[in-house]
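Student: The structure is given below, and queries will be raised subsequently.
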Amino acid sequence: LAIGQRTGIPDILARVLSGRGVDVESAEDFITPTLRNALPDPFHLKDMDKAAARLAKAVTTKETIGIFGDYDVDGATSTALITRFLAFYGLTPQVHIPDRQKEGYGPNVPALLGLQAKGATLVITVDCGTASHAPLQAAKEAGLDVLVIDHHIGDVALPPAVAVVNPNRFDEDSPHGHMAAVGVTFLFLVATNKLLREQGLPTPNPLDWLDMVALGTVCDVVPLKGVNRAFVSQGLKVLVQRRNVGLATLADVGRLDESPAAYHLGFILGPRINAGGRVGKSELGAKLLATEDYAEALAIAQQLDRFNVERKTLETLALEDALAQAESRADDAVIIVDGNWHSGVIGIVAGRLKEKYHKPAAVIAWEEGADGKRWGKASARSVSGVDFGSAVVAARQSEIVVAGGGHAMAAGFTVAPEKLEELREFLCKRLADGVVKYGEDRALVVDAVLTAKAATAELVEKLKDAEPFGMGNPGPKFAFENLRLAKADLVGENHIRCFFEDGGIGGKAAGGRLQGIAFRAIGTPLEAVLVAASKGKPLHVAGSLKLNTWQGNTRVDLHIEDASLAE
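Numbering (my numbering), first residue to last: 1149 to 1715.
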């Protein structure tokens, strides 16, 4: 009530904000997030002064600069940010994005020395490097300066670099550990800009690149709160202007024909950029985001689209095997499966297992290493409140895995076959309490109870003021009481489309109708409830409301997440 009175927003929107912990004082900033209010001083991060000074020196003296990026969207956007920054000064960096299968994650000695051989005197690692002690030591001994710009959880000891800028390094007290690497990279460039302006040099406007910052932030599934919320909200405004040739072309190839939201970043643009690193050429994403050439952008975007189709096929094959294996492990605190799968899709499969079992999941792909030995390359996804990244760091320190790291919600590691069972026991024991608590706390939290008649396009439009939705700011969910299922039919292979009539709150007829869809419901308990309801039994339904526009007509669809017979 207080939020509504202070801001003048509708009651339903005030309920949504209150349900997400927004108080009266912060409501205005939540509704209209701005970088002016949310952006922290870049120099509050440890080593930022050293990193910005070293890059400013390299710019003014026209050094050859190398960039070692990661192969995911966060890495690609971070790499492209620095590439565009350097282009402003007429500098073309030497870029290396590792091959996921041949090189794995993070800096390696041959790649770093290869950048030096191409003339680089300074290398910037983005979205990686915090745990790369040995490769960075080799670089230092070779006389190569390295700056680490990262956000992954680190050890007590820092790698030997000129600077390690990471809000999650062990000795850091920054309150902004939820930033993705692209957010840290953005702060790094803002800091460098300040130093260059003080020297009287012209500087680019980093705000022009917020579309890439928004993309990397959403795709790395970091919480959309604080500065991240401002990054995404303002970045979407830049994206709609189509200034970035690569992003505009990718949107066209992905048939994105509506005003972009966080959903489109995570499910239309992001997967295509990721496909390059997963099953194709890892450098394509960063190239696409940095180019100013339309013909080059179109060729890359079309290639990434083809890789994305290939990725879906590989994902389907791996998922079938992984689900079959996971059934025998369903009681474990952590679901760990392994097989001879393509390592480029195991992260997606881990996410699917996490969604199905509501537990942390790790998927291991076996492959032969350069040493001729068999190694398991793993990707893991976690649930809220269960820090998988720290668990992997602990496993590495205990010499159960040979390499690994990450952050709370996502991690990766390399394990030997003979260590698999020890690792399984270690992770299950370490994470069990958090998994139990998550299971106890897990519930479908709804923002309000509505009648079908109240589910209007106007309501959905009002709720957009709470966007961007995503990790840490879930989209609003509503419950509908005593609906009658007038009709249900199969859509695609395993989705159920439903047509509801309103019984009204408290059983009072309200005369409303609502169309809904239950995705991937065939063979689940949700299907059984809907089948029972088709026999005339009233039911309660919960889910989120979406606008569906087709041939100029707009209606509201309910994306069904849960249902219960009213009896």
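Ideal placement from N, C-alpha and C gives every residue a C-beta, glycine not left out.
1) Are there 16 or more other CB atoms within 10 angstroms of the CB of Leu1372, so buried, or fewer, so exposed?
2) Check whether the Cβ of Asp1171 lies closer than 8 angstroms to any heavy atom of the ligand MG, and answer yes or no.
3) With DSSP as the reference, please indicate the residues paired to Asn1422 in a beta bridge.
4) Using the Cβ count rule (16 or more neighbours within 10 Å means buried), how would you classify Glu1431?
5) DSSP puts Phe1617 in a beta bridge; with which residues?
6) Grab me the residues of Ile1484's own chain with a C-beta within less than 6 angstroms of its C-beta, minus the 5 sequence neighbours each way, in chain order.
7) Anyone know if the C-beta pair for Thr1231 and Val1221 falls short of 9 angstroms?
8) Quick one: using the 10 Å Cβ neighbour count with 16 as the cut-off for buried, is Trp1698 buried or exposed?
9) Compute the beta-carbon to beta-carbon distance between Asp1710 and Ala1690, rounded to the nearest angstrom, for a pair I have assumed lies under 8 angstroms.
10) Just list the alpha helix (DSSP H) runs in the stretch 1418-1473, keeping only unbroken ones of 4 residues or longer that don't cross its boundaries, in chain order.
11) Could you say if the stretch 1425-1443 and the stretch 1380-1388 meet the contact criterion of at least three C-beta pairs nearer than 8 angstroms?
12) Since Arg1184 is in the alpha helix (DSSP H), which residue starts that stretch and which ends it?
13) Return the chain-ordered list of same chain residues with a C-beta closer than 6 angstroms to the C-beta of Val1304, the five sequence neighbours on each side being excluded.
14) Let me check understanding here. Comparing Cα to Cα, which of Thr1155, Ile1160 and Leu1193 lies closest to Ala1175?
15) Excluding the five sequence neighbours on either side, which residues of its own chain have a C-beta within less than 7 angstroms of the C-beta of Asn1456, listed in chain order?
16) Which class does Trp1357 belong to by DSSP, given the choice of helix, strand or coil?
17) Less than 8 angstroms between C-beta atoms, sequence neighbours within five positions excluded: which residues of the same chain meet that for Thr1702?
18) Going by the beta-carbon positions, is the gap between Arg1202 and Asp1298 smaller than 9 angstroms?
19) Can you tell which of Val1393, Ala1224, Pro1241 and Val1639 has its C-alpha closest to the C-alpha of Gly1433?
20) When burial is assigned at 16 or more other CB atoms within 10 Å of the CB, is Leu1501 buried or exposed?
21) Closest to Ala1558 by CA distance: which of Ala1478, Ile1301, Ile1416 and Lys1460 is it?
22) Among Pro1283, Glu1715, Pro1350 and Leu1467, which one has its Cα closest to the Cα of Ala1235?
23) Give the straight-line distance between the Cα atoms of Val1534 and Phe1561, rounded to the nearest whole angstrom.
24) Under a three-way DSSP split, which group does Pro1686 fall into?
25) In or out: Arg1403 buried (at least 16 other Cβ within 10 Å) or exposed?
26) Enumerate in chain order the residues of its own chain whose CB-to-CB distance from Arg1632 is below 7 angstroms, with the five nearest sequence positions on each side excluded.
27) Measuring CB to CB, does Ala1449 end up less than 9 angstroms from Thr1397?
28) In whole angstroms, what separates the C-alpha of Leu1261 from that of Ala1290?
29) How long is the line joining the alpha carbons of Lys1210 and Val1493, rounded to whole angstroms?
30) Going by Cα to Cα distance, which pick from Val1482, Lys1460, Thr1599 and Asp1486 is closest to Ala1472?
Tutor: In terms of the structure at hand:
1) Looking at its Cβ environment, which holds 16 or more other Cβ atoms inside 10 Å, Leu1372 is buried.
2) The model on display carries no ligand, and the ligand MG is accordingly not part of it.
3) Answer is none; Asn1422 lacks a bridge partner.
4) Here Glu1431 is buried, its C-beta having at least 16 other C-beta atoms within 10 Å.
5) Answer is none; Phe1617 lacks a bridge partner.
6) Ala1510 and Arg1572
7) Not in contact: Thr1231 and Val1221 (Cβ atoms no closer than 9 angstroms).
8) exposed
9) 5 angstroms
10) 1418-1427 and 1432-1438
11) no
12) Leu1183 to Ala1186
13) Correct list, in chain order: Phe1318.
14) In terms of Cα proximity to Ala1175, the closest of Thr1155, Ile1160 and Leu1193 is Thr1155.
15) Pro1419, Arg1420 and Ala1423
16) helix
17) Ala1605, Leu1695 and Asn1696
18) Here Arg1202 is not near Asp1298, since their CB atoms are 9 angstroms or more apart.
19) Ala1224
20) buried
21) Ile1301
22) Pro1350
23) 17 angstroms
24) coil
25) exposed
26) Phe1648, Glu1649, Gly1651 and Pro1686
27) yes
28) 8 angstroms
29) 40 angstroms
30) Each of Val1482, Lys1460, Thr1599 and Asp1486 was checked against the Cα of Ala1472, and the nearest Cα belongs to Asp1486.
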